[in-house]
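Visitor: First residue of the sequence shown: 1048, per my numbering; consecutive thereafter.
Every residue, glycine too, gets a C-beta built ideally from N, C-alpha and C.
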Amino acid sequence: PINSFEENFDTTAYQAIPSCWSVIKNGEGLSQNAAVYVTDNNFYSPSRAMYLTNSNSGVNSNLIIASPNLGNIAAGTQRVKFFAKSAAAVGSVQVGTVNNTGGNAVFSEVETVAITSTYTEYEVNFTGYIGTDTYIAFRHNSSGTYSSVYLDDIRWEAAPLCADVTSVMVNNISSATAN
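Structure, rendered in structure tokens:
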């Protein structure tokens, strides 16, 4: 198992899956055309992203991309940050865990993330996770038929004790000071 990773999918071939990642497709109403793979369009950072498309699957089907085996999910110290967008105006992706990466995998939701057609960075904390699963997973959750979700720049990392610093502004910069 590993304890951290950064995956931007850029070195993975088109229509492939990164090494140590797994695709899980199961459940009632799963379309034979549902797909999960790396695509070379609709990426956040050039030149690839993960693509999940339900292709008319039922709402009880599972279309999941699972991370490499992680050794620290249960430690309660981690978070996942990622960029996501929907091919439609609105959609959602569920972030959680799976107990294995086989066809009988069981998905356990940690959080449902509402997404739009514009790439946005999201964060899901696993600091309160209690369980034994060792894979984080992203489940396609958009209810529309033929809907797609894109994921990019996924990071599994230590959750900081304080919130991330954003929107820092510096004015009146000189060689010795700044306001």
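#1: Find out if the Cβ-Cβ distance for the pair F1185, I1120 is shorter than 7 Å.
#2: Per DSSP, V1127 forms a beta bridge with which residues?
#3: Have a look at N1088 and N1219 and give me their C-alpha separation to the nearest angstrom.
#4: Buried or exposed, going by whether 16 or more other CB atoms sit within 10 Å of the CB of I1201?
#5: Here's the rule: buried if 16 or more other CB atoms are within 10 angstroms of the residue's CB, otherwise exposed. What is V1196?
#6: Would you tell me roughly how many angstroms separate the C-alpha atoms of N1016 and A1131, rounded to the nearest one?
#7: How many whole angstroms separate the CB atoms of P1048 and G1118, which I take to be in contact at a CB cut-off of 8 Å?
#8: Measuring alpha carbon to alpha carbon, tell me which of G1123, G1074, F1056 ends up nearest A1152.
#9: Could you please give me the residues that DSSP links to L1208 through a beta bridge?
#10: Do the CB positions of S1066 and A1081 come within less than 7 Å of each other?
#11: Helix, strand or coil for A1113, going by three-state DSSP, please let me know.
Guide: In terms of the structure at hand:
#1: no
#2: V1171, W1203
#3: 41 Å
#4: buried
#5: buried
#6: Given a span of 1048 to 1226 for the chain in the structure shown, any question on residue 1016 remains unanswerable.
#7: 3 Å
#8: G1074
#9: Looking at the DSSP assignment, L1208 forms no beta bridge with any residue, so it has no partner.
#10: no
#11: strand
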